[in-house]
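**Student:** I am attaching a structure below and will ask some questions about it afterwards.
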């Protein structure tokens, strides 16, 4: 997975403090170290948004952020990462290139 070098310190901190240990450990876990499930994720997500001072942000919105970071970081096309809908590819690429 490609990501900007500028976020490596934050990723390293997250992995050290909040993720399961080991190469196959979960990156995101619940408050007691368990698997995040749909029924407990929303509560955790809303708490994180409040702590960050953010309002109406949906988790799904982050995939568009990933496209934008890839494009501005030098990726030739947002399709180099995980597949996304064709409409979101075109919109992200058009916005980044404008």
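Numbering (the numbering used here), first residue to last: 219 to 316.
C-beta atoms are modelled at their ideal positions from N, C-alpha and C, and glycine is treated no differently.
Note that the structure is predicted; figures quoted are calculated from it, not measured.
(1) Starting from residue 226, follow its DSSP beta bridges and name the residues at the other end.
(2) Suppose contacts are defined by Cβ-Cβ distances below 8 Å. Is residue 267 in contact with residue 275 by that definition?
(3) Residue 319 lies in the alpha helix (DSSP H); which residues open and close that run?
(4) Report the rounded CA-to-CA distance for residue 228 versus residue 236, giving the unit in angstroms.
(5) Is it true that the CB of residue 253 sits closer than 8 Å to the CB of residue 264?
(6) Taking 8 Å as the threshold (C-beta atoms), are residue 251 and residue 258 in contact?
(7) Do you know how far the Cα of residue 232 is from the Cα of residue 226?
**Tutor:** In short:
(1) For residue 226, which the question treats as bridged, DSSP gives no partner whatsoever.
(2) yes
(3) Only positions 219 to 316 of the chain appear in the structure, and residue 319 is not among them; the question remains open.
(4) 11 Å
(5) no
(6) no
(7) 10 Å
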